[in-house]
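Data first, discussion second: the structure below is written as C-alpha cells.
Residue numbers (the numbering used here), protein chains in the order written: chain A, 7 to 93; chain B, 7 to 93.
In C-alpha cells:
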C-alpha cells in the first residue's frame, strides 16, 4: 500500500527556510505571505488493510519521520484524500 | 488565497535522503520500499480567482520553487483536492 506523509513546522515554530523563500519570491515580484516549508515523504508499506497501514505510518512518524514537539503530520493512504487539518 | 505545492524528485532521479530514511525504517522493523522525500510549500498569495492563482504558483515553481529537470510539482489551491499525478 502506498502512503504519503506531510510533515510541517507547527504554528509558532520558526521556519527559516520558509522565510528565505518568502523573501526571494517577493524580490521576484510575487505578493506572497506566510510561506512555510515542510517535507513530503512517499513510501510503500506492507500492511493488512488501511487501518493497519495508518497505525504503522503513525508509528513511523513518532519513531523517525517527525518531531512531534515542533512538527505536525498529515497522513494519506493510497488515493484517499488528505485527512483534515494537521494535528 | 492559500496554495500548497508538493515538489518531489522525479522517477529515476537519485534520492539519498529517501534511501537513508528507508534504511532507518527497515532497521526499526518496518517493511517499507520506494521511500522518496520531497518538499511541501504552503503559502498565501494575492490573486484574482483560482485560474490566476494557479498561473502565479506555476510561475513561482519555474522561477524558484522547483527544478523542472529533476523535480515534479503538484499544486493545490485552498481546499481543492490535489491535482492528478505529478507531471
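A virtual CB, placed ideally from N, CA and C, is assigned to each residue, including glycine.
Cβ of residue i within 8 Å of any chain A Cβ
i	result
residue 40 (chain B)	yes
residue 62 (chain B)	yes
residue 44 (chain B)	yes
residue 70 (chain B)	yes
residue 52 (chain B)	yes
residue 77 (chain B)	no
Contact with chain B by residue i, beta-carbon distance below 8 Å
i	result
residue 47 (chain A)	yes
residue 59 (chain A)	no
residue 81 (chain A)	no
residue 66 (chain A)	yes
Proximity below 8 Å, CB of residue i to CB of residue j
i	j	result
residue 59 (chain B)	residue 9 (chain B)	yes
residue 48 (chain B)	residue 14 (chain A)	yes
residue 16 (chain A)	residue 78 (chain A)	yes
residue 30 (chain A)	residue 70 (chain B)	yes
residue 36 (chain A)	residue 7 (chain B)	no
For residue j and residue i, believed in contact at Cβ under 8 Å, the rounded distance
i	j	result
residue 53 (chain A)	residue 50 (chain B)	The pair is not a contact, with the Cβ atoms about 36 Å apart (cut-off 8 Å).
residue 62 (chain B)	residue 12 (chain B)	Incorrect: roughly 17 Å between the Cβ atoms, too far for contact.
**Asked** Hey, is the stretch 37-44 of chain A in contact with the stretch 14-28 of chain A, meaning 3+ C-beta pairs nearer than 8 Å?
**Response** yes
**Item:** Positions along the stretch 9-26 of chain A whose CB lies within less than 7 Å of some CB in chain B
**Value:** 12, 14
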